[in-house]
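Colleague: Okay, handing you the structure first.
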Amino acid sequence: MDAAVGLPQPGKLAGRLAAKDPAVLKYRADIDGLRALAVLSVVVYHAFPRVVTGGFAGVDIFFVISGYLISSIILGDLGKGAFSFRHFYARRIRRIFPALILVLAACFAVGWFTLLPREYEQLGKHIAGGAGFISNFVFWKEAGYFDKAAELKPLLHVWSLGIEEQFYLVWPLLLYIAWKARLNFFAITLPVLAVSFFLNVYTVRSDAVAAFYSPLARFWELMTGSALAYVALRGSAGWREAAWVRTLSPWVGLVLIGISVFALNTGLAFPGWWAVFPASGTFLLISAGPDAWLNRRVLANRALVAIGLVSYPFYLWHWPVLSFMRILGSGEPSRLARIGALAASLLAAWLTYRLIEKPIRSGKHGAATVAGLAVLMVAIGCAGFGTLEKRGLESRMRARGPQLLLKYEHLDTDLWRDARYGSCWLRMQETESTFADTCLDRGKSGPLVFLWGDSHAARLFTGLRKAAGDRYRLAQYARDACPPILDFGYENCISGNRFVLGKIREAKPDTLILFAVWNRYEQSWKPEQAPYQKLDRTLAELKGLGIPQVIVIGSPPQWKKDLPRNLVEFSSQDVPLHRVPQRLFFGLNTEARRASDALERLLQVRKDVEFVSAWKAFCDQDGCLTRVDEGVDGITTVDYGHLSERAAEYLVRRLPISGLKPAP
Numbered sequence: 003m004d005a006a007v008g009l010p011q012p013g014k015l016a017g018r019l020a021a022k023d024p025a026v027l028k029y030r031a032d033i034d035g036l037r038a039l040a041v042l043s044v045v046v047y048h049a050f051p052r053v054v055t056g057g058f059a060g061v062d063i064f065f066v067i068s069g070y071l072i073s074s075i076i077l078g079d080l081g082k083g084a085f086s087f088r089h090f091y092a093r094r095i096r097r098i099f100p101a102l103i104l105v106l107a108a109c110f111a112v113g114w115f116t117l118l119p120r121e122y123e124q125l126g127k128h129i130a131g132g133a134g135f136i137s138n139f140v141f142w143k144e145a146g147y148f149d150k151a152a153e154l155k156p157l158l159h160v161w162s163l164g165i166e167e168q169f170y171l172v173w174p175l176l177l178y179i180a181w182k183a184r185l186n187f188f189a190i191t192l193p194v195l196a197v198s199f200f201l202n203v204y205t206v207r208s209d210a211v212a213a214f215y216s217p218l219a220r221f222w223e224l225m226t227g228s229a230l231a232y233v234a235l236r237g238s239a240g241w242r243e244a245a246w247v248r249t250l251s252p253w254v255g256l257v258l259i260g261i262s263v264f265a266l267n268t269g270l271a272f273p274g275w276w277a278v279f280p281a282s283g284t285f286l287l288i289s290a291g292p293d294a295w296l297n298r299r300v301l302a303n304r305a306l307v308a309i310g311l312v313s314y315p316f317y318l319w320h321w322p323v324l325s326f327m328r329i330l331g332s333g334e335p336s337r338l339a340r341i342g343a344l345a346a347s348l349l350a351a352w353l354t355y356r357l358i359e360k361p362i363r364s365g366k367h368g369a370a371t372v373a374g375l376a377v378l379m380v381a382i383g384c385a386g387f388g389t390l391e392k393r394g395l396e397s398r399m400r401a402r403g404p405q406l407l408l409k410y411e412h413l414d415t416d417l418w419r420d421a422r423y424g425s426c427w428l429r430m431q432e433t434e435s436t437f438a439d440t441c442l443d444r445g446k447s448g449p450l451v452f453l454w455g456d457s458h459a460a461r462l463f464t465g466l467r468k469a470a471g472d473r474y475r476l477a478q479y480a481r482d483a484c485p486p487i488l489d490f491g492y493e494n495c496i497s498g499n500r501f502v503l504g505k506i507r508e509a510k511p512d513t514l515i516l517f518a519v520w521n522r523y524e525q526s527w528k529p530e531q532a533p534y535q536k537l538d539r540t541l542a543e544l545k546g547l548g549i550p551q552v553i554v555i556g557s558p559p560q561w562k563k564d565l566p567r568n569l570v571e572f573s574s575q576d577v578p579l580h581r582v583p584q585r586l587f588f589g590l591n592t593e594a595r596r597a598s599d600a601l602e603r604l605l606q607v608r609k610d611v612e613f614v615s616a617w618k619a620f621c622d623q624d625g626c627l628t629r630v631d632e633g634v635d636g637i638t639t640v641d642y643g644h645l646s647e648r649a650a651e652y653l654v655r656r657l658p659i660s661g662l663k664p665a666p
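As numbered in the working numbering, residues 3 to 666 make up the sequence shown, in order.
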């Protein structure tokens, strides 16, 4: 024995596999029960994130299970000398394609009747990515501060299929080469697993999105299952035969999974080290074997096994159902509606399993079936790509409001345009060294107006520059999700704001503007709360610098959905006129106004700060402006509240800055 790793001395893979235990390849009901725990964690988390705060870790459980089961098949076939790439991928197609094709086609059909052209265009891209098993790369590229909310992407969840299938493009080939070359299994597996895990831990600190979607940072989880498959097939893990190990290890595994599901949350740097909990918990439960009491009595019970058998279609159906409910409804669906959505998804999963998956897997004409499934997948992928290329097939919408489409469907929605994104408007992960020298205008004479805040301040800059013309020097320092409050927020926000304070001290501006979507950082704004106390100290420190004029702009009006969609929904309900009103209450986020009013009341007692209510600038008793003029670009925002250039200029001209043109 190799004392260092508790495994047999290095040998040849082919010879090792000849000693496998054939029973390991037999069906294990407890693994289907484990699948049920994984899928229930995910679907309940997506419907009720406060109930299972770490339910997203269910995907990590799936990764380990998949690595174990698929590697067991590959290694078993290699050991018998019966492995065939053609048979392997044909089996994968029969397993993965039927339910996925059905769900992609269903999303395409529902989107045809319900989505706006830009939304349908994005769905087409996601369908193409799902059909090509590259969704993880698609969503990775899309990820950003202005990326649409996850719950508004009906196919976001198929990113995990991309990870799996990318793994199975590489892993069978690697095992086959090792088998042919008679290499030691762990000599090739452990280094790859270690590198993948290192990338996961290292990347999650600097770019959590990359760590989440990158296959290289996720492969270690599938390889954990693969390593267990080799040990089980070899029958060499004598430590597993001890009664106390068989009794204790599954309970430890269950506790680790419980910690993952109920204790982890989205505020943690996941996956990173935290992913060890679900991965190791799954490893321990599977390694205990089907005869362990917990596995035999709990995981293998009929209810869990029944859910486990339909876990794949259940996973595929639940998210589009929830997502379309959120897209088409007004606000978050009720608790009862979400329970109904999960029940409907489970029913759809059972029907998919019984009527489609099972007949295809057990039916005859295997080669013809595989070819047909491949053709269908290519077809649905091409349909998605065509929808992307044809800008969401906007002709679908003409009967539902042509006036609205003419006005708003061809808008340039590039919120980064002209706002100096990446130089004077930073992302969360960028350090203050990224701020460019040009963020502070040093080359002209005239009063200096210094703008500091979050992404909403960055959008205000587009209007400030237009209104100011050549009469003012301008400075812009903005960062995503970072209000202009000292010692508040995440690490880069705190250090970046201290850097900005230094720039203010150096520049000595004539006017300093602080602007943010304040309600995102605090709702009630009470004097005894830390956010206000820190803002109060920030304002005191700024006034101590002798700045002649400090202006705080309150939160802008915000909509529950992107304003273009909100207008479409209002117009479709406004029978028979189908108006596109200039002012609207429909779909407004009233919490934003309450927070703005609370902050205004607090700041009114300060005589050294001028408060401007963005809400009052845009809203009155008839509602909030949806457009500031009749031009195509007059819409106030193309998302929930970041100002368009016209709207930003409209607000700037209402600021108490001497020398600006009077409000038109």
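Ideal Cβ positions, reconstructed from N, Cα and C, are used throughout, including at glycine.
Taking Cβ to Cβ, would you say Y534 is nearer than 9 Å to L428?
Modeller: Not closer than 9 Å, so no.
Colleague: In this structure, how does DSSP classify C426 when only helix, strand and coil are distinguished?
Modeller: C426 falls in the coil class under three-state DSSP.
Colleague: Label S526 either buried or exposed according to how many other C-beta atoms from any shown protein chain fall within 10 Å of its C-beta, with 16 as the threshold for buried.
Modeller: The residue in question, S526, is exposed, as its Cβ has fewer than 16 Cβ neighbours within 10 Å.
Colleague: According to DSSP, is T639 part of a helix, a strand, or is it coil?
Modeller: T639: strand per DSSP, three-state reduction.
Colleague: Measure the alpha-carbon distance for N591 versus A40 and round it to whole angstroms.
Modeller: Distance between the alpha carbons of N591 and A40: 35 Å.
Colleague: Can you give me the Cβ contacts of D622 inside the same chain, cut-off strictly under 6 Å, excluding the 5 residues immediately before and after it?
Modeller: Nothing listed; no residue qualifies.
Colleague: In terms of alpha-carbon separation, which member of G455, L395, F135, A108 lies closest to W321?
Modeller: W321 has its Cα closest to that of A108, out of G455, L395, F135, A108.
Colleague: Applying the criterion that 16 or more other CB atoms from any shown protein chain within 10 Å of the CB defines a buried residue, is E359 buried or exposed?
Modeller: So E359 ends up on the buried side.
Colleague: Identify every residue that forms a DSSP beta bridge with R475.
Modeller: DSSP output for R475 lists L450 as bridge partner(s).
Colleague: F99: which of T371, A305, F188 sits nearest, CA to CA?
Modeller: Taking only the C-alpha atoms, the option nearest F99 is T371.
Colleague: Distance check for A483 and D62, CA to CA, integer angstroms please.
Modeller: The straight-line gap from Cα to Cα measures roughly 29 Å.
Colleague: Comparing alpha-carbon positions, which option in G589, I33, R567 lies nearest R299?
Modeller: Residue I33 is the option with its Cα nearest to R299.
Colleague: Count the CB pairs spanning the stretch 121-133 and the stretch 295-311 that are closer than 8 Å, and state whether there are at least three.
Modeller: Flag = no, the stretch 121-133 and the stretch 295-311 do not touch.
Colleague: Excluding five sequence neighbours on each side, which residues of the same chain lie with their C-beta closer than 7 Å to the C-beta of W276?
Modeller: So the list reads L266, L270, once near-sequence residues are dropped.
Colleague: From I220 to D293, what does the alpha carbon distance come to, in whole angstroms?
Modeller: According to the sequence shown, residue 220 is Arg rather than Ile. If you take the alpha carbons of R220 and D293, they lie about 30 Å apart.
Colleague: By Cβ distance below 6 Å, which residues in the same chain neighbour E123 in space, the five residues on each side in sequence not counted?
Modeller: Result list for E123: L390, R393, G394, in chain order.
Colleague: Which ranges does the alpha helix (DSSP H) cover as unbroken runs of at least 4 residues, wholly within the stretch 502-548, from first to last along the chain?
Modeller: DSSP runs (the alpha helix (DSSP H)) wholly in the stretch 502-548: 532-545.
Colleague: Can you check whether the CB of F387 is closer than 9 Å to the CB of L224?
Modeller: Cβ atoms of L224 and F387: not closer than 9 Å.
Colleague: E166 lies in the alpha helix (DSSP H); which residues open and close that run?
Modeller: Taken as a continuous stretch (DSSP letters only), the alpha helix (DSSP H) holding E166 covers 161-182.
Colleague: Less than 6 Å between C-beta atoms, sequence neighbours within five positions excluded: which residues of the same chain meet that for Q551?
Modeller: Cβ within range, chain order: T513.
Colleague: Strictly by DSSP, which residues pair up with D622?
Modeller: Answer by DSSP bridge pairing, in chain order: G625.
Colleague: Counting pairs of beta carbons, one from the stretch 52-60 and one from the stretch 326-341, are three or more of them closer than 8 Å?
Modeller: The stretch 52-60 is not in contact with the stretch 326-341.
Colleague: Are L586 and V554 closer than 9 Å when you measure CB to CB?
Modeller: No. Outside cutoff.
Colleague: From F670 to M379, what does the alpha carbon distance come to, in whole angstroms?
Modeller: This structure leaves residue 670 out entirely; the chain is present only between 3 and 666.
Colleague: Can you tell me the Cα-Cα spacing of G636 and S497, whole angstroms?
Modeller: One C-alpha to the other measures close to 37 Å.
Colleague: Helix, strand or coil for S66 per DSSP?
Modeller: In the sequence on display, residue 66 carries Val and not Ser. Three-state DSSP puts V66 in a helix.
Colleague: For the beta strand (DSSP E) that F613 lies in, which residues bound it at each end?
Modeller: Run containing F613: 612-614, per the beta strand (DSSP E) assignment.
Colleague: Check whether the stretch 477-495 touches the stretch 503-518, counting contact only when three or more Cβ pairs, one atom from each stretch, lie closer than 8 Å.
Modeller: Flag = yes, the stretch 477-495 and the stretch 503-518 touch.
Colleague: In terms of alpha-carbon separation, which member of R30, R481, S347, E651 lies closest to A438?
Modeller: With distances taken between Cα atoms, A438 lies closest to R481.
Colleague: From R608, P361, A180, S646, pick the residue whose C-alpha is nearest to that of K545; which is it?
Modeller: The shortest C-alpha separation from K545 is found at R608.
Colleague: Taking Cβ to Cβ, would you say L488 is nearer than 9 Å to K536?
Modeller: Their beta carbons are under 9 Å apart, which means L488 touches K536 by this criterion.
Colleague: Express the C-alpha separation of G383 and F139 in angstroms, rounding to a whole number.
Modeller: Taking the straight line from one Cα to the other gives about 16 Å.
Colleague: For Y317 versus V44, is the C-beta distance shorter than 9 Å?
Modeller: Their beta carbons are under 9 Å apart, which means Y317 touches V44 by this criterion.
Colleague: Are at least three pairs of beta-carbons, each pair with one atom in the stretch 192-199 and one in the stretch 102-119, less than 8 Å apart?
Modeller: The stretch 192-199 is not in contact with the stretch 102-119.
Colleague: Rounded to the nearest angstrom, what separates H89 and A369 at their Cα positions?
Modeller: Straight-line Cα distance between these residues: approximately 10 Å.
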